[in-house]
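All remarks here apply to the structure that follows.
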Amino acid sequence: MESFGAYPVFVTVIETGGFSPAAKKLGISKSAVSKRITQLEEHLGVKLLHRTTRKLSLTEAGEHFYQHARIASQAAQDAEDAVAQLQGVPQGRLRISIPMSFGRLYVAPVIPEFLRRYPKINLELVMDDEFTDLIGSGFDMALRLGDLKDSTLVARKLTHLKNVLCASPSYIEEFGMPKRLEELKQHNCLAFSYSQDVREWYFIKDNTTRAIEISGNYQVNNSEALREAMIQGVGIGRLPTFAANPEIKEGRLVKLFPEYEMPGKIMYAVYPERQFLPAKVRAFMDFMSENFGGDIPYWDNV
Numbered sequence: 001m002e003s004f005g006a007y008p009v010f011v012t013v014i015e016t017g018g019f020s021p022a023a024k025k026l027g028i029s030k031s032a033v034s035k036r037i038t039q040l041e042e043h044l045g046v047k048l049l050h051r052t053t054r055k056l057s058l059t060e061a062g063e064h065f066y067q068h069a070r071i072a073s074q075a076a077q078d079a080e081d082a083v084a085q086l087q088g089v090p091q092g093r094l095r096i097s098i099p100m101s102f103g104r105l106y107v108a109p110v111i112p113e114f115l116r117r118y119p120k121i122n123l124e125l126v127m128d129d130e131f132t133d134l135i136g137s138g139f140d141m142a143l144r145l146g147d148l149k150d151s152t153l154v155a156r157k158l159t160h161l162k163n164v165l166c167a168s169p170s171y172i173e174e175f176g177m178p179k180r181l182e183e184l185k186q187h188n189c190l191a192f193s194y195s196q197d198v199r200e201w202y203f204i205k206d207n208t209t210r211a212i213e214i215s216g217n218y219q220v221n222n223s224e225a226l227r228e229a230m231i232q233g234v235g236i237g238r239l240p241t242f243a244a245n246p247e248i249k250e251g252r253l254v255k256l257f258p259e260y261e262m263p264g265k266i267m268y269a270v271y272p273e274r275q276f277l278p279a280k281v282r283a284f285m286d287f288m289s290e291n292f293g294g295d296i297p298y299w300d301n302v
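Residue numbers (full-length UniProt numbering): 1 to 302.
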């Protein structure tokens, strides 16, 4: 049993694909990870990993050992989480991935209140609009938009995020207000890079969906950068309402085609499937639901 402490290290190396990402996830040095694996191999008397400068792979013995070590490590984690639930005090390191613009505009401003409420939590927020491997990157939880493809994750719906088409008054004054959807083809339409339909916008009315091909001279992977270009009259763009509505309310943007809806997305809180949900993860999910939960979030009440 002296080697049991190396089990989670070994499992993390396999799940993250290398010593460096495992070290990052565990919060220790790469040399410490390497040393624990070497000690484990010496204790077992077998080689668990094939190491090259480019690739890491399991030996036959390593494959068998991994299957059992993974179960043992998860059981140990479940035991810790069960005790933490009995204690009832959310605490420990909490690493969360959140979308960039939504995180900066709406999550970051309420984090001070969260930390005041849970002073024993050591929180790390990582803001990024790209898809993140939750388990491989060492995250306890993430806020994600849209379809969830990873079946190993548990999802809790937080709210519905709508999209809206808009432009600045200066753009409309210079280039005119489009009256029909087809007229968008003659306008400079700005795009969000990570969208699945970068060059096509969809409009819904009376349960009928219309697709309009668009073109433009600017696309960017950040909603705030896109919004700024729109405010300065560069072109027409589609924005999530959490980014657009404050500007519409202040008159810096004008909503186009209000008789149509655009497809939106669901925001979920997602976390790795486990028998006992850590109190720190539950605390953050409940806090997010308290601030943004419901079918109509507060920024849509305009």
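Every residue gets a Cβ at the ideal spot worked out from N, C-alpha and C, and that includes glycine.
Extent of the continuous alpha helix (DSSP H) to which residue i belongs
{"i": "S97", "result": "Run containing S97: none in the alpha helix (DSSP H); it sits in the beta strand (DSSP E), 92-98."}
{"i": "L115", "result": "111-117"}
{"i": "I14", "result": "7-16"}
{"i": "P21", "result": "19-26"}
{"i": "P246", "result": "241-250"}
Given residue i as reference, the closest of the options once Cα atoms are compared
{"i": "K25", "options": "E124, Q39, A61", "result": "E124"}
{"i": "L94", "options": "L105, A32, D140, F131", "result": "D140"}
{"i": "F19", "options": "H50, Y271, E42", "result": "H50"}
{"i": "G92", "options": "L58, I121, L277", "result": "I121"}
{"i": "T159", "options": "N291, M127, V220", "result": "N291"}
{"i": "I111", "options": "W299, D300, A283", "result": "A283"}
{"i": "G294", "options": "I266, Q232, A6", "result": "I266"}
{"i": "G146", "options": "G27, K185, D129", "result": "D129"}
{"i": "G5", "options": "I37, S29, S31, R116", "result": "I37"}
{"i": "E200", "options": "K185, N207, T208, D206", "result": "K185"}
{"i": "L153", "options": "E250, G138, L134", "result": "L134"}
{"i": "S193", "options": "C166, E174, N221, T208", "result": "N221"}
{"i": "V9", "options": "G45, V33, G27, S29", "result": "V33"}
{"i": "K179", "options": "F257, N207, M127", "result": "F257"}
{"i": "E273", "options": "A75, H68, L105, A22", "result": "A75"}
{"i": "H64", "options": "D286, V11, L161", "result": "V11"}
Cβ-Cβ distance between residue i and residue j below 8 Å
{"i": "N188", "j": "V234", "result": "yes"}
{"i": "I296", "j": "Y260", "result": "no"}
{"i": "M262", "j": "Y202", "result": "yes"}
{"i": "S101", "j": "A243", "result": "yes"}
{"i": "residue 304", "j": "L226", "result": "The chain is shown only over 1 to 302; residue 304 falls outside these bounds and no answer can be derived."}
{"i": "G62", "j": "L40", "result": "no"}
Cβ-Cβ separation, residue j to residue i (assumed contact under 8 Å), whole Å
{"i": "Y118", "j": "P90", "result": "5 Å"}
{"i": "Y268", "j": "R144", "result": "5 Å"}
{"i": "residue 304", "j": "L253", "result": "Residue 304 lies beyond the residue range present for the chain, which begins at 1 and ends at 302; the question has no answer from this structure."}
{"i": "I212", "j": "L181", "result": "5 Å"}
{"i": "L190", "j": "Q232", "result": "Contact doesn't hold; Cβ gap of about 11 Å is too wide."}
{"i": "G17", "j": "L56", "result": "7 Å"}
DSSP three-state assignment for residue i, whether helix, strand or coil
{"i": "G176", "result": "coil"}
{"i": "I214", "result": "coil"}
{"i": "F192", "result": "strand"}
{"i": "G146", "result": "coil"}
{"i": "I231", "result": "helix"}
{"i": "I296", "result": "coil"}
{"i": "G62", "result": "helix"}
{"i": "G103", "result": "helix"}
Enclosing beta strand (DSSP E) for residue i [first to last residue]
{"i": "V154", "result": "153-167"}
{"i": "R282", "result": "Here R282 belongs to no beta strand (DSSP E); instead the alpha helix (DSSP H) covers 279-292."}
{"i": "H43", "result": "Careful: H43 lies outside any beta strand (DSSP E), inside the alpha helix (DSSP H) at 30-44."}
{"i": "E200", "result": "200-205"}
{"i": "S57", "result": "56-58"}
{"i": "R51", "result": "49-51"}
{"i": "P272", "result": "262-272"}
{"i": "I121", "result": "121-127"}
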